[in-house]
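Student:
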Amino acid sequence: MNQQSSIWLPEAASTIAGDVDALFYFILITSIILFVGVISTMVYFAWRYRRRSDADRPEPVYENKLVEASWVVFPTILVAVVFIWGFKVFLEQGIPPPNSYEINVTARKWSWTFTYPNGVVSADLHVPTNQPVKLRMTSEDVIHSFFVPAFRVKADVLNGRYSYVWFESPKQDTFIVACTEYCGTSHSDMYSRVIVQSQDEFDQWLSDNMDDGTLTPAERGQRLYTQQGCFACHSLDGSVAAGPTFLGLAGSVRNFTDGTSAEADDNYLRTSIVNPMLQIVEGYPPVMPGQYAATLSVDDIDALVAFIKEY
Amino acid sequence: MSDTSHNYLNAKKGLWSWLTTTDHKRIGILYAIACGAFFLLGGILATFVRTELGAPGETILGQDEYNQVFTLHGVVMVFLVIIPAIPGILGNFVLPLQVGANDVAFPRLNLASWYLFMAGALMAVCGWLFVGKVDTGWTFYTPYSSGASNAVLWLTSAVFVAGFASIFTGLNFIVTVHKMRAPGMTWNRLPLFTWAIYATAIVQVLATPVIGITMVLLFLEKLLHIGIFDPALGGDPVLFQHFFWFYSHPAVYIMILPAMGIISDLMGTFSRQHVSGYTFIALSSVAIAFLGFLVWGHHMFVSGQSALSSIIFSMLTFLIGIPTGIKVFNWVATMYKGSVWLKTPMLYALMFLFLFTIGGLTGIMVGVLAVDVHLHDTYFVVAHFHYVMMGGALIGLIGGLHYWWPKMTGRMYNEKAGVIAAILVFIGFNLTFFTQFFLGSKGMPRRYHDYSEFLETFPEFAALNMTSTIGSYILGVGLVMILIYALYSLVRGPRATANPWGACTLEWTHTETVPDEHNFHDTPLVTRGPYDYHLADDVFGPKKES
Ligand code: HEC
Ligand code: HEM
Ligand SMILES: [Cu+2]
Ligand SMILES: [Cu+2]
Chain A
1 MNQQSSIWLP EAASTIAGDV DALFYFILIT SIILFVGVIS TMVYFAWRYR
51 RRSDADRPEP VYENKLVEAS WVVFPTILVA VVFIWGFKVF LEQGIPPPNS
101 YEINVTARKW SWTFTYPNGV VSADLHVPTN QPVKLRMTSE DVIHSFFVPA
151 FRVKADVLNG RYSYVWFESP KQDTFIVACT EYCGTSHSDM YSRVIVQSQD
201 EFDQWLSDNM DDGTLTPAER GQRLYTQQGC FACHSLDGSV AAGPTFLGLA
251 GSVRNFTDGT SAEADDNYLR TSIVNPMLQI VEGYPPVMPG QYAATLSVDD
301 IDALVAFIKE Y
Chain B
312 MSDTSHNYLN AKKGLWSWLT TTDHKRIGIL YAIACGAFFL LGGILATFVR
362 TELGAPGETI LGQDEYNQVF TLHGVVMVFL VIIPAIPGIL GNFVLPLQVG
412 ANDVAFPRLN LASWYLFMAG ALMAVCGWLF VGKVDTGWTF YTPYSSGASN
462 AVLWLTSAVF VAGFASIFTG LNFIVTVHKM RAPGMTWNRL PLFTWAIYAT
512 AIVQVLATPV IGITMVLLFL EKLLHIGIFD PALGGDPVLF QHFFWFYSHP
562 AVYIMILPAM GIISDLMGTF SRQHVSGYTF IALSSVAIAF LGFLVWGHHM
612 FVSGQSALSS IIFSMLTFLI GIPTGIKVFN WVATMYKGSV WLKTPMLYAL
662 MFLFLFTIGG LTGIMVGVLA VDVHLHDTYF VVAHFHYVMM GGALIGLIGG
712 LHYWWPKMTG RMYNEKAGVI AAILVFIGFN LTFFTQFFLG SKGMPRRYHD
762 YSEFLETFPE FAALNMTSTI GSYILGVGLV MILIYALYSL VRGPRATANP
812 WGACTLEWTH TETVPDEHNF HDTPLVTRGP YDYHLADDVF GPKKES
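Line order of the protein sequences matches chains A and B.
One point on numbering: in the working numbering, the residue at position 254 of the first sequence is 254, and numbering is uninterrupted.
Count along the second sequence from 1, add 311, and you get the number used in the working numbering.
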């Protein structure tokens, strides 16, 4: 079940991956046999019956009923086998075990956030090993798709409804999560990680990250920065993403596309979050989402401002 | 071309005579010029896409530019090349000749269809230049496209307008085949190319309105904010996908059936043998034209559609796949005890068999539910559909163009150049697209501007992408070479004879080297089937006793 990657498939790191792979290889090998059969016959005929003279006029050959029947029967049996097999594994893929641990997933352009039952929010997906995990997923904007190649799971993530995937990983390691439904500019940067940990490490991580009411505003701001997906567009280390970096932002002079400029004081930061279209920073497209005024509380916004000022 | 004889090319002179022509052969040539130009455009865009992906990180295009370029590439190749090209060029030129008619049933409608096609195409290209660049992908999925700039409306209107061209062409062919066959041209004497174009025409007429309506709905939603697809307005985003694939799956038959028709004719002519399974090929094409409407949901296995629908769609996909497999067996069997002549068109026919078989088998892989969950929206799907659309439909078209070239132009191309180009295309194509199967099954998603993040886990992605990019350049060189020797042949090519391949269908046996305006001097009387080489003493001379 826990096999290494081959030239065809990535490492198999979930309980169902082995079943998917077995089917994949069955079809692959059958296909190769069929392909080699067809193409070598083709090449053989092309050579064996090559034209020898312009005047060649072979006698017509008409269909042989027996051969034709075998062409129908044989492929039909093959596809019936792969269909039924594929259907069985598909049901396994689709039905989470009743004891699954549930995590909420929110996708947006262009980031993922994972919310745990105790309120912990994270940009990476931490999960315990050997424990079925069920993700309840929804999107804040367009359609995205949650894909972990090593687990062989994928499901579209839609706005206004839930979709689900489940998996159980026997392997403690880190795996890539990618978005596979085209969603605009940074679609190809919409990554996250699944970090599979032992139950103890996982529990430790969960309690370390729990908000017990003693956080400073800047620490709360840091969480919101992850939870709300600001990190997808704003870096903390000076690198440029879809939006300007927060490094050195507070107190600097901002130039806007309308030719005006202003100093980035608390009020400016606040306005930039609640009304991003008011002033557009020069050199950036007006793509910052406008919903934060509605979704963030006054406290949240204060916390974010405090957080930004730390950089 | 200064032919001494009187023919459709020199019957009237001047640009105006071409732009107002109702001669099906000239309209075919108009389509050839237009589709050729769009293919060149689409191809240049493809090299941009591949160059960007050749090395990790950003190389020549930014994220947004990349997204715009792959969108335009897809739209141009699908809507302006693969869908219209074979019916537009070869359907127009060959079908009336093959049934023994002097034109299509509605010649003026035929010209109108070319103008509509051009209007749609120019709307797409001019919209791009002057209105705005679209980055939704050729699939225009909502709600992404609902939120995109209004330039998307231009592009979808362009698709809408070009759709009517497709409907008009389809109508014309259906009526022509029903009403204008020459005496003796019974249904079971129709060449398989004509059968295929006929089946395609049915799909064009039935399916194209659906994409038209979908585009109108998108338009209404964006302009009037009626909630149809956009969840923010109370619409259903998945509904769009249903509508879209309800057209676009049948559309894959609009792309592939005509190419299958070409391959049937090529296999017969260049094997000088009765095409194995004639009746089956003819009738299953028509059956697929209808049944192809029932499998659209196989594009949506991970979209959240109900498991039951997915299961039914998967099953129907296989049922429809079986006849396609049988056709491949039939084409191979046609060579059995034949006399196989490996000229350039036949090389393309064999190349089609090679590539299309890979495309079809990987179609089975992505049709299997559990496996598709892993492969969907990765490069595996990209490789699959390029094997069928380019390796199948386009290679078929190129083979067909070589085959009918002497009839269209009165000239021969250089056979040696033809063979070299075919080899380059074959090698380039496989390097470009076979590598993408590995990329996809390992997990590289499609529509990705960059794959650097994957390199840590999959360092081989760099080499695979590089190989694919180099392959695309080789492919490009092969295709440009074809263009060059084709143009050279127009001016300098040796004169062709009326039936250089020894074919037995009417366009070769009953017309001049280059047909005149009215195709036939006298209405042909058909006395044998299209592949009855043993009866064709008129073509080969009286049979020697052996
Ligand atoms: C989709 C990308 C995106 C997301 C997500 C996003 N922003 Fe922005 N943001 C931008 C862009 C682009 C700009 C610059 C253009 C402008 O002024 O609107 C910007 C500007 C800003 C500015 C002003 C920066 C300056 O250089 O003057 C602040 C402050 C800011 N965002 C805070 C946030 C916070 C806090 C969040 C999360 C709650 C967030 N942004 C989420 C894209 C984003
Ligand atoms: C044996 C026949 C075939 C089968 C069983 C088959 C099956 C499939 C399936 C199941 C998909 C969806 C995969 C996914 O998105 O995960 C698909 C995608 C596709 N197929 Fe095929 N296919 C076949 C032949 C063809 C042919 C002949 C064409 C066109 C000439 C074609 C064109 C496409 C295209 C364009 C897509 C992807 C479209 C997109 O998502 O952009 N297929 N095919
Ligand atoms: Cu995405
Ligand atoms: Cu399909």
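Using N, Cα and C, we set each Cβ at its ideal position, and we do this for glycine too.
Any heavy atom of ligand 1 closer than 6 angstroms to the beta-carbon of A:M190?
Tutor: No heavy atom of ligand 1 is found nearer than 6 angstroms to the CB of A:M190.
Student: Kindly list the residues whose CB is nearer than 8 angstroms to the CB of B:A809, restricted to its own chain and excluding five residues on each side of it in sequence; keep chain order.
Tutor: W819, T822, E823, T824
Student: What did DSSP end up calling B:W652 once you bin it into helix, strand or coil?
Tutor: coil
Student: Nearest-angstrom Cα distance between A:F24 and B:L661?
Tutor: If you draw a straight line from the Cα of A:F24 to the Cα of B:L661, it is about 28 angstroms long.
Student: Could you give the DSSP three-state label for A:D156: helix, strand or coil?
Tutor: strand
Student: What first and last residue would you give for the alpha helix (DSSP H) that runs through B:F479?
Tutor: Taken as a continuous stretch (DSSP letters only), the alpha helix (DSSP H) holding B:F479 covers 462 to 490.
Student: Does the segment 5 to 17 of chain A come within contact of the segment 745 to 755 of chain B, defined as at least 3 CB pairs closer than 8 angstroms?
Tutor: yes
Student: Using beta carbons (cut-off 7 angstroms, strictly below), is B:P805 in contact with chain A?
Tutor: no
Student: Let's test the definition: count the other Cβ atoms within 10 Å of the Cβ of B:L703 and tell me whether it reaches 16, buried, or not, exposed.
Tutor: Strictly speaking, residue 703 of chain B in this sequence is Gly, with Leu absent from that position. By the 10 Å Cβ count, B:G703 comes out buried.
Student: Can you find a C-beta in chain B that's less than 7 angstroms from the C-beta of A:E219?
Tutor: No, no contact with chain B.
Student: I'd like to confirm something about B:C346: is its beta-carbon nearer than 6 angstroms to some heavy atom of ligand 6, or not?
Tutor: In the structure on display, ligand 6 does not appear, and the ligands it does have are ligand 1, ligand 2, ligand 3 and ligand 4.
Student: Determine, for A:D56, whether the minimum Cβ-Cβ distance to residues of chain B falls below 7 angstroms.
Tutor: yes
Student: Given a limit of 9 angstroms on CB to CB distance, which residues of the segment 688 to 716 of chain B reach chain A?
Tutor: D688, T689
Student: If you pair each beta-carbon of the segment 480 to 488 of chain B with each one of the segment 406 to 426 of chain B, do three or more pairs fall below 8 angstroms?
Tutor: yes
Student: Identify every residue that forms a DSSP beta bridge with A:M137.
Tutor: A:V105, A:S163
Student: Enumerate in chain order the residues of its own chain whose CB-to-CB distance from B:L356 is below 6 angstroms, with the five nearest sequence positions on each side excluded.
Tutor: V380, L383, H384
Student: Closer than 8 angstroms by beta-carbon distance: list the chain B residues that pair up with A:T41, in chain order.
Tutor: The contact set of A:T41 on chain B, defined by CB atoms closer than 8 angstroms, consists of V643 in chain order.
Student: Taking 7 angstroms as the CB-CB cut-off, is A:E93 touching chain B?
Tutor: Residue identity differs from the one stated: residue 93 of chain A is Gln in this sequence, not Glu. Output row for A:Q93: interface = yes.
Student: Taking 7 angstroms as the threshold (beta carbon to beta carbon), is A:T331 in contact with chain B?
Tutor: Here chain A covers residues 1 to 311 and nothing more, so residue 331 of chain A does not appear.
Student: For B:L735, which residues of its own chain have a beta-carbon under 8 angstroms away from its beta-carbon, when the five flanking residues on both sides are left out?
Tutor: I785, L786, V788, G789, M792
Student: Cα separation between B:V547 and A:V165?
Tutor: Looking at the sequence itself, residue 547 of chain B is Asp, so the reference to Val does not match. Rounded to the nearest angstrom, the two C-alpha atoms are 21 angstroms apart.
Student: With 7 angstroms as the threshold, decide whether the Cβ of A:F256 is near any Cβ in chain B.
Tutor: no
Student: Using the three-state DSSP reduction, which class does B:S313 fall into: helix, strand or coil?
Tutor: Unreliable positioning characterises B:S313 in this predicted model, as indicated by a pLDDT of 43, which lies under 50. The coordinate reading is nonetheless provided below. It is coil, neither helix nor strand.
Student: Give a yes or no on whether 7 angstroms exceeds the smallest Cβ distance from B:Q374 to chain A.
Tutor: yes
Student: Where do the N-terminal and C-terminal ends of the beta strand (DSSP E) with A:Q197 fall, by residue?
Tutor: 192 to 197
Student: Distance cutoff 7 angstroms, beta carbons only. Does A:Y191 sit that close to anything in chain B?
Tutor: yes
Student: At 8 angstroms on the CB atoms, spell out the chain B contacts of A:T15, in chain order.
Tutor: The premise fails here: A:T15 is roughly 13 angstroms from chain B at the closest Cβ pair, so nothing lies under 8 angstroms.
Student: Within 7 angstroms of any Cβ in chain B, is that where the Cβ of A:K154 sits?
Tutor: yes
Student: Can the beta-carbon of B:V651 be found closer than 7 angstroms to that of B:A510?
Tutor: no
Student: Apply the 10 Å Cβ neighbour rule to B:P838 and answer buried if 16 or more other Cβ atoms are within range, or exposed otherwise.
Tutor: The question names Pro, but residue 838 of chain B is Thr in the sequence shown. Label assigned to B:T838: exposed.
Student: In three-state terms, what does DSSP make of B:P520?
Tutor: helix
Student: Nearest CA to the CA of A:F90: which residue from B:K324, B:L619, B:G402?
Tutor: B:L619
Student: Look at the alpha carbon of B:A432 and the alpha carbon of B:W425, and state the distance between them as a whole number of angstroms.
Tutor: 10 angstroms
Student: Taking C-beta pairs closer than 9 angstroms, name the residues in chain B that A:S207 reaches, listed in chain order.
Tutor: Residues of chain B passing the Cβ test: none, with the nearest at roughly 30 angstroms.
Student: Counting only beta-carbon separations shorter than 7 angstroms, does B:R758 have a partner in chain A?
Tutor: yes
Student: Taking all protein chains shown into account, do 16 or more other C-beta atoms lie within 10 angstroms of the C-beta of B:R361, making it buried, or fewer, making it exposed?
Tutor: buried
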